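Asker: Could you have a look at this structure, given as structure tokens, before my questions?
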Amino acid sequence: MNKRSSPVHAPMRQLPVQDGELVVGGMPLSRLAARVGQTPFYAYDRHLLTQRVGELRAALPATLKLHYAMKANPMPALVCHMAGLVDGIDVASAGELQVALDAGVNPRDISFAGPGKRRSELQQAVAAGILINIESFREVAELAAISDATGYTARIAVRVNPDFELKSSGMKMGGGAKPFGVDAEQVPELLAEVGRSGLAFEGFHLFAGSQNLKPEAIVEAQGKSYELALRLAQSAPSTVRFLNLGGGFGIPYFPGEQALDLAPIGAHLASIVERAGRELPAAELLIELGRYLVGEAGIYVARIVDRKVSRAHTFLVCDGGLHHHLSASGNFGQVIRKNYPVAIGNRMTPTELETVSVVGPLCTPLDLLADRMELAEAQVGDLVVIFQSGAYGFTASPQAFLGHPACVELLV
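Just so we're aligned, residue 1 is where the sequence shown starts under UniProt numbering, counting upward by one.
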């Protein structure tokens, strides 16, 4: 009987290799590290960002709008670049709102989602003129009071917690009991309150889950989201002009995962857009993506500062770790830890391979960036690269943990 082979990572071909080195933003990695002046760092390739949006637009209906969920990566330079590629930005705080406004995004194309919005944040959002996704009855009352006090009418959509989940989702954001949005069965009552409040109702936001690599699951969730919005529109206080069908598009991180097939998703969205033209003729339909737009365009780079052997197992000790890249360490939502795709960035065409673990400088066994991976034989001074690092990296990590130096970010 043949031994079953172990799953492997999807090929990481988004960045070229030249003379044995990874090339990022047109520059060999070792030269880029010298230009940065330090390790560790995150590097985001602007060409890959542009390319990803172009590929997505080619696969989706032309009239479907595309918004960037800034929470995935709020680096100001990256947001400025994305603002020129997409149709709008979704923010999750007043801090992100300021980044979007600084990037020159039209306030009418900015939406604000998230539970527990503070009154001060709501005041800023109303004054800015952005769209606020309401997630509770309290927010209706707060916004009505702010609108009355300031004379600025709040633009609102209702974020709906659907009565279904996005199957095979890496992180479920809707369905069941959730702190996000308003339960679908409570939405008609909330819409009546919105109508009485005098707020400017514009539409609905539905988001069932994230990091999904199964197109059939995404298609099912988008279809159910549209049907739910169509039913809820019957209770709306005014015409539906905005319908955010969410996102959930995933990227391959772990062995055995493959890139998402956009073709069936695009075909199904085309049918939804066609229906909406008849059933919700005033509505602008959009999807909102974060990780899918920026995740594959980024790498995290750390330098090997020590090489040690403990009871026949080799450890490559780096100057960066979980405090900079929590998700790669497996401590950001993984139940069973799995390795991100990793390489020795200045030894991309190796003649010798070895099985090693890559660890950071922190005094905790959780500071593990690669567990028993086959990599190019490496030495002190070499550069470890973690791919798929453009989303939920720098700002999703405990940078101040144990007082080690912060890493830097650059757009190249």
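Here a beta-carbon is modelled for each residue, glycine too, at the ideal position from N, C-alpha and C.
Bear in mind that the values here come from a model prediction, so they are computed numbers and not experimental data.
1) Identify the residues that DSSP records as bridge partners of G116: which are they?
2) In angstroms with no decimal places, state the Cα-to-Cα distance between G333 and S327.
3) Can you give me the C-alpha to C-alpha distance between Y152 and P264, rounded to a whole angstrom?
4) Between which two residues does the alpha helix (DSSP H) holding H81 run?
5) Please go through the region 92-161 and give each complete alpha helix (DSSP H) segment of 4 or more residues, from N-terminal end onward.
6) Confirm, please, whether the CB-CB distance from V126 to I110 is below 8 angstroms.
7) Over the uninterrupted alpha helix (DSSP H) stretch that includes T50, give me the two end residues.
8) Give me the Cβ distance between L362 and L402, rounded to the nearest whole Å; I'm assuming they're in contact under 8 angstroms.
9) Indicate whether at least one CB of chain C lies closer than 8 angstroms to the CB of P7.
10) Going by CA-CA distance only, name the one from A128, R138 and L101 that's closest to R118.
11) Under 8 angstroms between the Cβ atoms of P255 and H47?
12) I need the boundaries of the alpha helix (DSSP H) containing A192, first residue and last residue.
13) Looking only at DSSP bridge pairs, what is E409 linked to?
14) On the DSSP letters alone, give me the boundaries of the beta strand (DSSP E) that I304 sits inside.
15) In three-state terms, what does DSSP make of M70?
16) Should H323 go down as buried or exposed, given a rule of 16 or more other Cβ atoms within 10 Å for buried?
17) Quick check on DSSP: helix, strand or coil for residue 441?
18) For the beta strand (DSSP E) that A267 lies in, which residues bound it at each end?
19) Just checking, does the region 268-276 make contact with the region 20-33 on the three C-beta pairs under 8 angstroms criterion?
20) Could you please give the first and the last residue of the uninterrupted alpha helix (DSSP H) stretch that includes L293?
21) Is the number of C-beta pairs between the region 129-144 and the region 59-75 that are closer than 8 angstroms three or more?
22) Using only alpha-carbon positions, find the residue among G321, G95, S6 and A128 that is nearest to N106.
23) Which whole-angstrom value is the C-beta distance of E409 and Y42, which I expect to be below 8 angstroms?
24) State whether the region 346-359 contacts the region 210-224, with contact taken as three or more CB pairs (one from each stretch) at a distance under 8 angstroms.
Answerer: So, to answer that:
1) As a position in the sequence shown, residue 116 is number 116, starting the count at 1. Beta-bridge pairing by DSSP links G116 to no other residue.
2) Against the sequence shown, residue 333 aligns to sequence position 333. Against the sequence shown, residue 327 aligns to sequence position 327. The C-alpha of G333 lies about 8 angstroms from the C-alpha of S327.
3) Locating residue 152 in the sequence shown gives position 152, where the first residue counts as 1. Locating residue 264 in the sequence shown gives position 264, where the first residue counts as 1. In this structure, the straight-line span from the alpha carbon of Y152 to that of P264 is close to 43 angstroms.
4) On the sequence shown, residue 81 is found 81 positions in, with the first residue counted as 1. Here the alpha helix (DSSP H) through H81 covers P76 to A83.
5) Taken in chain order, the whole alpha helix (DSSP H) runs of length 4 or more contained in the region 92-161 are 94-102, 119-128 and 137-150.
6) As a position in the sequence shown, residue 110 is number 110, starting the count at 1. As a position in the sequence shown, residue 126 is number 126, starting the count at 1. Result no, Cβ atoms of I110 and V126 do not sit closer than 8 angstroms.
7) For the purposes of this step, residue 50 is identified with residue 50 of the sequence shown, where counting begins at 1. T50 -> alpha helix (DSSP H) spans R46 to A59.
8) The residue labelled residue 362 in the question sits at position 362 within the sequence shown. The residue labelled residue 402 in the question sits at position 402 within the sequence shown. Contact annotation, L362 with L402: C-beta distance approximately 5 angstroms; criterion of less than 8 angstroms satisfied.
9) Within the model displayed, chain C is absent; a lone protein chain is all it includes.
10) Reading the sequence shown from its first residue, position 118 is the one you call residue 118. Minimum Cα distance to R118 is reached at R138.
11) Within the sequence shown, the letter at position 255 stands for residue 255. Within the sequence shown, the letter at position 47 stands for residue 47. With contacts defined by Cβ atoms closer than 8 angstroms, P255 and H47 do not form a contacting pair.
12) Within the sequence shown, residue 192 is the residue found at index 192, counting from 1. Counting along the chain, A192 sits inside the alpha helix (DSSP H) bounded by residues V187 to S197.
13) Here residue 409 corresponds to residue number 409 of the sequence shown, with the count starting at 1. Answer is Y42.
14) Taking the sequence shown and counting its residues from 1, one reaches residue 304 at position 304. Under the DSSP assignment, I304 falls in the beta strand (DSSP E) whose first and last residues are G298 to S310.
15) As a working mapping, residue 70 is identified with position 70 in the sequence shown. Helix, per DSSP.
16) What you label residue 323 is simply residue 323 of the sequence shown in a count that begins at 1. With 16 or more other Cβ atoms within 10 Å, it is buried.
17) The structure shown does not extend to residue 441, since the chain spans only 1 to 412, so no value can be given for it.
18) Within the sequence shown, the letter at position 267 stands for residue 267. It is not in any beta strand (DSSP E) - A267 instead sits in the alpha helix (DSSP H) that spans A263 to E279.
19) Contact between the region 268-276 and the region 20-33 is absent, because fewer than three Cβ pairs lie under 8 angstroms.
20) Within the sequence shown, the letter at position 293 stands for residue 293. Note, L293: alpha helix (DSSP H), R291 to V294.
21) As far as the Cβ criterion goes, the region 129-144 does not touch the region 59-75, which means the pair count is below three.
22) Residue numbering aside, residue 106 sits at position 106 when the sequence shown is read from its first letter. When only C-alpha atoms are compared, the closest one is A128.
23) Counting from one through the sequence shown, the residue named residue 409 turns up at place 409. Counting from one through the sequence shown, the residue named residue 42 turns up at place 42. In this structure E409 is in contact with Y42, their Cβ atoms being roughly 5 angstroms apart against a cut-off of 8 angstroms.
24) No: fewer than three Cβ pairs fall under 8 angstroms.
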